[in-house]
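Going by the UniProt record's numbering, the letters in the sequence shown line up with residues 1 to 652, in that order.
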Amino acid sequence: MQTMTSPIRSLVPILTLKDHTATVSCLCKGLERRSIVSGSWDKTGRIWRISDANEVSSVVLRGHDAAVWAVESVSCGQRYVTGSADKNIFVWNAAGVKIFVLKGHTDCVRGLIGLGNGGLLSCGNDAVIKVWNDEGECVNDLFGHSNYIYSMALNKSVGEDVLVSGGEDSTIRMWSASEGALGEELRLPVQSVWGVACLRNGDIVAGGSDGTVRIFTKDPARMAPPDALAAYQTAVEVWQREHSAELGGIKVNDLPGPESLLVEGTEGQTRIVRQPNGKIECFQWTAGNWQLVGDVTGASGGTNASSGKTLYQGKEYDFVFNVDVEDGAPPIKLPYNRGQDPWYAAQEFIHKNNLPQVYLDQVANFVIKNSGNAPVAPANSSYRDPFTGGSRYVPGSGTAASGSNFMDPFTGASSYRTQQTVESNSGEHFPISTDAIALARCDGGVAPEGQIESLKCLLKWPRGILFPVLDIARLAVRSEAICKALIDAEVFRTIVDCISDSAANQLMALRCLANMLIHQFGRDVVRKRLGEVLGRVSEIRKGSVNAQLAIATFLLNATVAQMTLADGDECKILGECILETTLWLDDPEAVYRCFQALGNLTCTPSGQEIIALTISSDSVIDKLKSFSSGIIPSGFEKLAKCSKDLCVGIGV
């Protein structure tokens, strides 16, 4: 490693390109002689062509919904690529026409590198490096960084597909695009490694947030003197010691990973998990599943007995929790001090952020379980809010814990309590009776007409508060008699539209459709709009564990119906949707159900066509082979068996 300073000679601009309307964030050389590509915060990229007479023309690459932070030219295939804060990567032809979109990153895209075979490398704020082939398929994910990745560079002196990366976790890492991490990371005494580059001799150059450029080498002849290396190592150790994270006296690095969620818990149990990208998340075991409660950040720099404070909006708190209310939306901060009434803190949080009152119990109990010594206030059921008609929180009174939960055997989640829906009713979007909620507990038979009409009125609520109503509906439709009375064209349109709505509504809509497929009437209704439903499902590219299970369950139930129906066209579009969905699923149980669904279709008269579709998807075949012969999480041996059986069945 060498540290140096060097004067830079004065450079005089010969041309100024001014068409961008906001900050220019990235540049690369173009495919043609005297051409460059730029990206800007104005949400566009531009291809600039400069003639020998210095005449300038440009082509605008328009389509991103946020700032363009990375641009690249890929000579193999003559393509331009742009990456954006909208999480998307656009691929353009040489004329500047968009030809396809790469989706997969879950946060802003920061860097792009074109490969000689026409493939692409991308990195971003989700702490993942993705490897794409020339057809736009993600063929590998490189995990290792624990925070934003800002920069990448190829190191061809080491290998054709070898790259280095740097980011917000104070490290430089070396990778093989095909094989993964190479060796240990290099740690720097800075928070951010903003840029990395590789010299022809293999040395690595890094620019840090401390204003210093450092060069790393493996050649002893170019290494810094021993005293400089010792001083550097000391600086790294001091930095790590000062910035080592703790959460309530526990080292963040000692927290279990997501694999711990494969072990079942007990009702109400919480578990704090460190994700591969460094996020600390809290899960609660509810209704037979680990449910994500939200991100959590405890006070750092201390122990349980003498923890430091976290500053939030000018005040110090023992804890500042990050709560994910909706997929894709920024987390909301929930500050809390030990000794504070958790119900009062939860109610303040709900009022301040205009959240549904149904969150009160979940938020308060999360605070209680994760703040150590916060007491639970005694229950008091004597107060009834005259304005909302519901039992609301009164400081010092507390709220009684929920009673026994009503379980849905098909999708595995509990229904909302009657009182919570009463509070939403009080907004008087429609004058209704609370009798509709009784439908959720019907085991069969014919429900009173008034209850059906009440639920239909509930389903006309605004989308922002519709999800508890959808929860009632997905329980009610398990009964064929109730489903017949409830599901008309308008209600079914609402359910289908919610597949493309918020994460909460999407989850409930998919569970509703999965439950409709257990009886003949529901199957007939879904089949009439199967193409549209599957089209909307195919548009989904990410989701929580619960969302993945809901999608997989719906697809599995749909293929069970095809075992007797054997409609060739329906089998084909189902197969295509299952293959597309399988590519992005990462929950073992959801993958297992999709593989089961695929196996079901191979047993229909359209089986050979389904097998041909499956074999044509290299990524799905790779996933099948990986699960059939790789390491399977404990408790999911059935996934390995299913994968092996499917591989044998399709002949791969």
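Each residue gets a CB set at the ideal place from its N, CA and C atoms; glycine is no exception.
{"Query": "Consult DSSP for Val-190 and reduce its assignment to one of helix, strand or coil.", "Result": "coil"}
{"Query": "How is Ile-650 classed by DSSP in three states: helix, strand or coil?", "Result": "helix"}
{"Query": "Name, in chain order, the residues that DSSP records as bridge partners for Glu-72.", "Result": "Val-81"}
{"Query": "Which term fits Pro-462, buried or exposed, when burial requires 16 or more other beta carbons within 10 angstroms of its beta carbon?", "Result": "exposed"}
{"Query": "Go ahead and label Asn-546 buried or exposed: buried means 16 or more other beta carbons lie within 10 angstroms of its beta carbon, across all protein chains shown.", "Result": "buried"}
{"Query": "In whole angstroms, what separates the C-alpha of Ile-47 from that of Val-59?", "Result": "5 Å"}
{"Query": "Are Leu-507 and Ala-566 touching if we call contact CB-CB under 8 Å?", "Result": "no"}
{"Query": "Assign Leu-199 to one of two classes, buried (16 or more other C-beta atoms within 10 Å of its C-beta) or exposed (fewer than that).", "Result": "exposed"}
{"Query": "Can you check whether the CB of Leu-182 is closer than 8 Å to the CB of Ile-172?", "Result": "no"}
{"Query": "Between which two residues does the beta strand (DSSP E) harbouring Glu-135 extend?", "Result": "Looking at the DSSP string, Glu-135 is not in any beta strand (DSSP E), and its letter there is neither H nor E."}
{"Query": "Quick one: which unbroken beta strand (DSSP E) runs of 3-plus residues sit fully inside the stretch 580-619? Chain order, please.", "Result": "none"}
{"Query": "Taking the alpha carbon of Gly-202 as the point to measure from, which residue in Glu-160, Ala-230 and Ser-170 has its own alpha carbon closest?", "Result": "Glu-160"}
{"Query": "Start and end of the beta strand (DSSP E) containing Arg-110?", "Result": "109-114"}
{"Query": "When DSSP labels each residue in this structure, what does Trp-285 get in the three-state scheme?", "Result": "strand"}
{"Query": "Using DSSP bridges, identify the partner residues of Gln-291.", "Result": "Gln-284"}
{"Query": "Given a cut-off of 8 Å on the beta-carbon distance, is the pair Ile-113 and Met-152 in contact?", "Result": "yes"}
{"Query": "For Cys-512, which of Phe-100, Ser-544 and Phe-467 has the nearest alpha-carbon?", "Result": "Phe-467"}
{"Query": "If you compare alpha carbons, which of Val-91, Val-109 and Leu-61 is closest to Val-74?", "Result": "Val-91"}
{"Query": "Between Ala-436 and the rest of its own chain, which residues show a CB-CB distance below 6 Å, the 5 nearest in sequence each way excluded?", "Result": "Its pLDDT being 47, under 50, Ala-436 is placed unreliably by the model, and the measurement read from it follows with that caveat. So the list reads Gln-451, Ser-454, Leu-455 and Leu-458, once near-sequence residues are dropped."}
{"Query": "Based on Cα-Cα distance, which residue from Ile-36, Lys-623 and Pro-256 lies nearest to Ile-272?", "Result": "Pro-256"}
{"Query": "Just confirm the distance between the C-beta atoms of Ala-509 and Ile-499, as a whole number of angstroms; I'd bet it's less than 8 Å.", "Result": "5 Å"}
{"Query": "At the level of alpha carbons, what is the spacing between Gly-166 and Ala-206?", "Result": "8 Å"}
{"Query": "Who does Ala-181 pair with in a DSSP beta bridge?", "Result": "Trp-175"}
{"Query": "Got a sec, what are the start and stop residues for the beta strand (DSSP E) Ala-95 sits in?", "Result": "Segment: none, Ala-95 is in no beta strand (DSSP E) and carries neither H nor E."}
{"Query": "Alpha helix (DSSP H) containing Phe-636: first to last residue?", "Result": "Per DSSP, Phe-636 belongs to no alpha helix (DSSP H) and is neither H nor E."}
{"Query": "Can you tell me the Cβ-Cβ gap for Ala-96 and Ile-89, rounded? I've got them flagged as a contact below 8 Å.", "Result": "Correcting the residue identity first, residue 96 is Gly in this sequence and not Ala. That belief does not hold up - the Cβ atoms of Gly-96 and Ile-89 are roughly 16 Å apart, past 8 Å."}
{"Query": "Sort out for me which residues DSSP pairs Thr-270 with in a bridge.", "Result": "Gln-284"}
{"Query": "Could you check the C-alpha separation between Arg-274 and Leu-142 for me, to the nearest Å?", "Result": "17 Å"}
{"Query": "So Met-516 is in the beta strand (DSSP E); what residue range does that whole segment cover?", "Result": "Where Met-516 is concerned, there is no enclosing beta strand (DSSP E), although the alpha helix (DSSP H) it sits in stretches over 503-516."}
{"Query": "Give me the residue from Leu-601, Trp-239, Ser-40 and Glu-539 with the minimum Cα distance to residue 655.", "Result": "Here the chain has residues from 1 to 652 only, and residue 655 is not among them."}
{"Query": "For Asp-408, which residues of its own chain have a beta-carbon under 6 Å away from its beta-carbon, when the five flanking residues on both sides are left out?", "Result": "Only weak support exists for where Asp-408 lies, its pLDDT of 37 falling under 50; the coordinates are left without a value."}
{"Query": "What does DSSP give as the partner residues of Ala-153 in its beta bridges?", "Result": "Val-164"}
{"Query": "Are residue 654 and Thr-582 closer than 8 Å when you measure CB to CB?", "Result": "With the chain represented from 1 up to 652, any question about residue 654 goes unanswered, as that position is not in the structure."}
{"Query": "In whole angstroms, what is the alpha-carbon distance linking Asn-133 and Gly-208?", "Result": "31 Å"}
{"Query": "Have a look at Leu-355, Asp-324 and Ala-364 and flag the residue whose alpha-carbon is nearest the alpha-carbon of Tyr-336.", "Result": "Ala-364"}
{"Query": "What first and last residue would you give for the alpha helix (DSSP H) that runs through Trp-343?", "Result": "342-352"}
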